[in-house]
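Let me begin by presenting the structure, written as structure tokens, before commenting on it.
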Ligand SMILES: [Zn+2]
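In my numbering, the protein residues as written are 5 to 266.
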């Protein structure tokens, strides 16, 4: 049987599906993955964007301009939309993502664990209160800093973000290298309680996120990888679809009907 049909059958007979997604799912939305050729990692090493900016202030306008521009232009692609549809149809209980681009929520998924945070949310550095941002808000705030001819400083960038109600300074609510991930207990619980996990577009090398498929597997879930190339997680998975998520997920969806209990 062809793998797509086989996967659709597994999803359809499962009680609790969960998707675990990485940068690969957003590649077709124009957000380059960190590790692939041309990605931030490839160009600037493994230190994390804040360290890179500190070390190369001369390149900051270019790096951030590129980053925010891509983020702003990105829209949910057919892979995000297929996952939202799977949730609506009762086949997906949650999405656990390592992406900060807000595209799962924008596509319509309601239950989303964002391990590395969300760029479309500001977090107050004084009281911790979070405020959501609309598309366009972020770019409007950072654009003057990036267009300015002054030497780049992180301080100027931070000052550009809208202050909190308490007048504390804010920053985008993403998890930088070395910081604790968000939503981890909810994500672990989703991994533990699912009976099928779709592992989509992730290289499986960033911990603790990369440990979640193993948690699902140990708890008895069937693991299905969707990735155009083999990853660190391939050997753990029961099945692998070697294709881009943007091609594979809409195809799987075609073979599925709404779950009986919805
Ligand atoms: Zn505050």
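No residue lacks a Cβ here, since even glycine has one placed at the ideal position from N, Cα and C.
Note that the structure is a prediction, hence the values are computed from the model and not measured.
Please name the residue in the options whose C-alpha comes closest to that of residue i.
i, options, result
"residue 254", "194, 80, 106", "80"
"residue 98", "117, 112, 82, 84", "117"
"residue 262", "10, 174, 6, 15", "15"
"residue 136", "259, 121, 149", "121"
"residue 249", "89, 58, 231, 112", "231"
"residue 161", "10, 65, 93", "65"
"residue 198", "100, 57, 30, 63", "100"
"residue 169", "151, 127, 210", "127"
"residue 62", "31, 156, 129", "156"
"residue 124", "241, 139, 132", "139"
"residue 172", "88, 131, 186", "131"
"residue 187", "115, 240, 31, 13", "115"
"residue 78", "226, 34, 67", "34"
"residue 69", "147, 134, 111, 210", "147"
"residue 258", "73, 90, 185", "90"
"residue 107", "93, 86, 94", "86"
"residue 134", "30, 151, 165", "165"
"residue 158", "73, 56, 189, 220", "56"
"residue 74", "96, 84, 104", "104"
Given the structure, does residue i come close to ligand 1, in the sense that its CB is under 7 Å from one of the ligand's heavy atoms?
i, result
"residue 133", "yes"
"residue 130", "yes"
"residue 172", "yes"
"residue 169", "yes"
Could you tell me how far apart the beta carbons of residue i and residue j are, in whole angstroms, since I believe they sit closer than 8 Å?
i, j, result
"residue 236", "residue 143", "Incorrect: roughly 34 Å between the Cβ atoms, too far for contact."
"residue 240", "residue 217", "6 Å"
Worksheet item: Using 8 Å as the threshold, is the stretch 199-218 in touch with the stretch 18-26, meaning 3 or more CB pairs across them?
Response: Touching, per the Cβ criterion.
Worksheet entry | contact_flag[the stretch 173-180, the stretch 204-213] where n(CB pairs < 8 Å) is 3 or more | No, they do not touch.
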